[in-house]
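These notes are about the structure you will find just below.
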Amino acid sequence: MKRNRVDVDQETCTWRVHYYNLLGYIHQALGSSTEALMNLNKAESVIQEQGTEEAGVRLQVNKANLAWVYFHLGEMEKSKEYLEEVERLQQMHPAPPGCTLHPEVSGEKGWTLVKFDLSKKCQAIDYFKMALKAQPDRKEWHKGLAVVMSKHSVQFKFTPEQIVEQLKIAHEKDLNSLFLHARYLLKLSDQKKVSSENTEREMQDLLERTLETGNLEGLHFIQRYYSKEISFDKAVQIAERVQEKFPSSVKASKLLADSYKWKVYNMEGSEEKEIFARKAIKLYEEAVRHNPHSYKVKIALASMYRYVNNRERSHEIYQQLLSEIKDFSPDRQQHIYYNYAFHLLDCRRYEESIKYNMKVAKIPIDSVDKQKSIKILQKTVRKGRSRHCEEILHILERIHISGLKCHTSSKTNKQSFHLYKFATILKILSEVGKFSFSCSIWTNQTHTNYSLYLTNNPANSLSQQRCVNHPPKLQLTSLNQPTPGLWLQGGIPESKVNLLSHIPLTLD
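Count the sequence shown with this note's numbering and you get residues 9 to 516, in order.
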């Protein structure tokens, strides 16, 4: 909860009432009842000032929040008074037929949930859809649904066409929203659904309106467009221009840091790369001081230290994040683990990197980071060089994903792959005392050499017998009984038997 407090930005809230209600909720959850009551009273004042048709319904949310705060303060009489007021307002403003909640209530709940972790964002989608069922033309609910559907952590649940369609509807309902316009144009550009000239012209117009009004709501998407479609240099120029015009804006400084970061990622020369990395570090360090709970800023900062040859500082940042890992939601834990795995890979700590990708895969929610980690683990299994292959197979099996699928059509690579699967079986058997083995595979463009050596443990023999070389078929001459089924006798643990049963033996 604390990590979300500083992310609440009034300009991204649809209306001031929601902003104050949300702050009230966060302050109460943090144990600051005085601050909570102050913000909830501000929300009530705004509702009374506006005097709209929805005022009675909005007061339901506000009064219920006040009842909640007083309940936690132990002031039961006051809490009861507010609950009775909520009941009276519900009778005056009942939910439409077929709706369990009034759309004003479900919409407000949706906007609150958007601010939190992945599971809450998925709930927000349901609440916005519920609100739109009763009020299909309400622009606030369309905006909320468009925002949550296009969130990076959620968008994999929808097709690109579904996201674009909802952004289009939301934009058409609220043509003055720079945020929706910029986000919609960026998505269209990603899918190549509009001409590049028209998009660039519209984005330039949005940039000028942003600078003129000081409303930086859509600036992030404008910046991403210039980075992806025009050039990183142009994106940096724009970010520097914005930061110069709004020097005290945290958002403008963060945007400039991100622009430097993406330029660094895509530069060739090492000297100039270090210069821009140091510029990014300075801005990110400032952003961390302003918002010490932003894990994404810390990850970006750690990545920049890599380019100034200070991996020790990168490691310190990740160790701090890992020490607080239990405070993060599951999807954020996945994001931290995935990026740390990449950091370890960059440090050539390959086996440790694999372990953290395994941690991502073990967390029982789906996400973009989890999908990427699973692909890395599948590739690791296919290569067969990691000591964690057996454990990876168990993890992938538990989440019903094949770690043994061969994606190449090359017969040579398929043979190498199947030999690895056979070697996995031998490794499992050797661990329970049946025999020891070594296996090596060497491949070039013309042919593949296989060498497989078995040593019978019970006999303590030092001799090694070559069993396989250039094999069209696999022969096991060192075992008295080569039939695979007979290997499963003799005290092999059930967990090993279950794993063996999923690994085919024959070479295609």
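Yeah, the Cβ is synthetic: ideal placement off N, Cα and C, and Gly gets one too.
Just so we're clear, the structure is a prediction, and the values are computed from it rather than from any experiment.
Handout entry: Boundaries (first-last residue) of the alpha helix (DSSP H) holding S311
Key = Looking up residue 311 in the sequence shown gives position 303. Unbroken alpha helix (DSSP H) run through S311: Y303 to Y313.
Handout entry: Contact check, M312 vs A285, beta carbons under 7 angstroms
Key = Within the sequence shown, numbered from 1, the residue matching residue 312 stands at position 304. Within the sequence shown, numbered from 1, the residue matching residue 285 stands at position 277. The Cβ-Cβ distance between M312 and A285 falls below 7 angstroms.
Practice task
Tell me whether H179 is buried or exposed, calling it buried when 16 or more other Cβ atoms sit within 10 Å of its Cβ.
Solution key: Taking the first residue of the sequence shown as 1, we reach residue 179 at position 171. H179 should be labelled buried.
Problem - For V113 and A154, the rounded distance between their alpha carbons - result: Numbered from 1 along the sequence shown, position 146 holds the residue referred to as residue 154. Numbered from 1 along the sequence shown, position 105 holds the residue referred to as residue 113. In a straight line, the C-alpha of A154 is about 18 angstroms away from that of V113.
Practice task
Run the CB neighbour count on T108, radius 10 Å, all protein chains shown included, and call it buried at 16 or more, exposed below.
Solution key: Against the sequence shown, residue 108 aligns to sequence position 100. Exposed is the call here.
Problem - alpha helix (DSSP H) segments (min. 4 residues) lying fully within the stretch 310-349 - result: 319-331
Problem - 7 angstroms CB neighbourhood of I55 in its chain, flanking five on each side removed - result: Numbered from its first residue, the sequence shown carries residue 55 at position 47. Closer than 7 angstroms at the Cβ level, and outside the excluded window around I55, lie V25, A63, R66, L67 and N70.
Handout entry: Top-ranked residue by Cα proximity to H396, from D335, Q99, E359 and Y90
Key = In the sequence shown, residue 396 corresponds to position 388, counting from 1. The candidate whose alpha carbon is nearest that of H396 is E359.
Handout entry: Euclidean distance between Cα positions of I362 and R390
Key = Residue 362 sits at position 354 when you count from the first residue of the sequence shown. Residue 390 sits at position 382 when you count from the first residue of the sequence shown. Distance between the alpha carbons of I362 and R390 is about 14 angstroms.
Problem - Expected contact under 8 angstroms - CB spacing of L215 and I230 to nearest Å - result: If you number the sequence shown from 1, residue 215 lands on position 207. If you number the sequence shown from 1, residue 230 lands on position 222. So it is a contact: roughly 5 angstroms between Cβ atoms.
Handout entry: For D134 and H298, the rounded distance between their alpha carbons
Key = Here the question's residue 298 lines up with position 290 in the sequence shown. Here the question's residue 134 lines up with position 126 in the sequence shown. Going by the C-alpha atoms only, they are around 34 angstroms apart.
Problem - Neighbour-count burial assignment, Q143, 16 or more Cβ in a 10 Å radius - result: The sequence position of residue 143 within the sequence shown is 135, counting from 1. Its Cβ being crowded by 16 or more others within 10 Å, Q143 is buried.
Practice task
Quick one: grab the DSSP three-state call for F187.
Solution key: By one-based count along the sequence shown, residue 187 stands at place 179. If DSSP states are grouped into helix, strand and coil, F187 belongs with the helices.
Exercise for the section: Using the Cα positions of Y33 and H402, report the straight-line distance between them to the nearest angstrom. Expected result: The sequence position of residue 33 within the sequence shown is 25, counting from 1. The sequence position of residue 402 within the sequence shown is 394, counting from 1. When rounded, the distance between both Cα atoms is 42 angstroms.
Practice task
Let me know the alpha helix (DSSP H) ranges lying completely inside the stretch 101-167, each 4 residues or longer, listed in chain order.
Solution key: 111-122, 126-142 and 147-157, all fully within the stretch 101-167.
Exercise for the section: From the DSSP output, in three-state form, read off C397 for me. Expected result: Position 389 of the sequence shown, counted from the first residue, corresponds to residue 397. Here C397 sits in helix by DSSP.
Practice task
Identify the continuous alpha helix (DSSP H) that holds Y364 and give its terminal residues.
Solution key: Taking the first residue of the sequence shown as 1, we reach residue 364 at position 356. Y358 to K370 is the span of the alpha helix (DSSP H), which, as asked, contains Y364.
Practice task
Kindly indicate which three-state DSSP category N299 falls into: helix, strand or coil?
Solution key: On the sequence shown, residue 299 is found 291 positions in, with the first residue counted as 1. Note: N299 maps to coil in three-state DSSP.
Practice task
Report buried or exposed for Y27, applying the criterion of at least 16 other Cβ atoms within 10 angstroms of its Cβ.
Solution key: The sequence position of residue 27 within the sequence shown is 19, counting from 1. Burial call: buried.
Handout entry: Secondary structure of V202, DSSP reduced to three states
Key = Taking the first residue of the sequence shown as position 1, residue 202 is located at position 194. Reduced to three states, the DSSP call for V202 is coil.
Practice task
Flag this pair as yes or no: are the beta carbons of K147 and D182 separated by less than 7 angstroms?
Solution key: If you number the sequence shown from 1, residue 147 lands on position 139. If you number the sequence shown from 1, residue 182 lands on position 174. Yes; because the gap between Cβ atoms is below 7 angstroms, this pair is in contact.
Exercise for the section: Output the boundary residues of the alpha helix (DSSP H) element that contains M275. Expected result: For the purposes of this step, residue 275 is taken as the residue at position 267 of the sequence shown. No alpha helix (DSSP H) contains M275, which DSSP labels as neither H nor E.
Exercise for the section: Starting from the N-terminal side, write out each stretch of the beta strand (DSSP E) that is 3 residues or longer and does not extend beyond the stretch 16-103. Expected result: none
Problem - Entirely enclosed alpha helix (DSSP H) segments - the stretch 238-273, minimum 4 residues - result: 240-253 and 258-273
Practice task
For the stretch 276-285 and the stretch 314-321, state whether three or more C-beta atom pairs, one from each stretch, are separated by less than 8 angstroms.
Solution key: Below 8 angstroms, enough C-beta pairs join the stretch 276-285 and the stretch 314-321 to call them touching: three or more.
Exercise for the section: Check H179 in the structure and name its three-state DSSP category. Expected result: Position 171 of the sequence shown, counting from 1, holds the residue named residue 179. Helix.
Practice task
Count the CB pairs spanning the stretch 41-56 and the stretch 82-102 that are closer than 8 angstroms, and state whether there are at least three.
Solution key: no
Problem - S381, DSSP secondary structure in three states - result: Counted from its first residue, the sequence shown places residue 381 at position 373. Of the three classes helix, strand and coil, the one that applies to S381 here is helix, per DSSP.
Handout entry: Backbone CA spacing between L329 and K137 [nearest angstrom]
Key = Here residue 329 refers to the residue found at position 321 when the sequence shown is read from its first residue. Here residue 137 refers to the residue found at position 129 when the sequence shown is read from its first residue. The alpha-carbon atoms of L329 and K137 are separated by roughly 35 angstroms.
Problem - Spatial distance of H478 from R393 (CA atoms) - result: The residue given as residue 478 occupies position 470 in the sequence shown. The residue given as residue 393 occupies position 385 in the sequence shown. Low confidence applies here, because H478 scores a pLDDT of 35, under 50, leaving its location unreliable and the question unanswered by this model.
Problem - Range covered by the alpha helix (DSSP H) that runs through L227 - result: On the sequence shown, position 219 is the one that residue 227 refers to. It spans L227 to Y233 - the alpha helix (DSSP H) in which L227 sits, taken as one unbroken run.
Practice task
Give the straight-line distance between the Cα atoms of E252 and I177, rounded to the nearest whole angstrom.
Solution key: Working through the sequence shown from its first residue, we reach residue 252 at position 244. Working through the sequence shown from its first residue, we reach residue 177 at position 169. So the two alpha carbons sit approximately 34 angstroms from each other.
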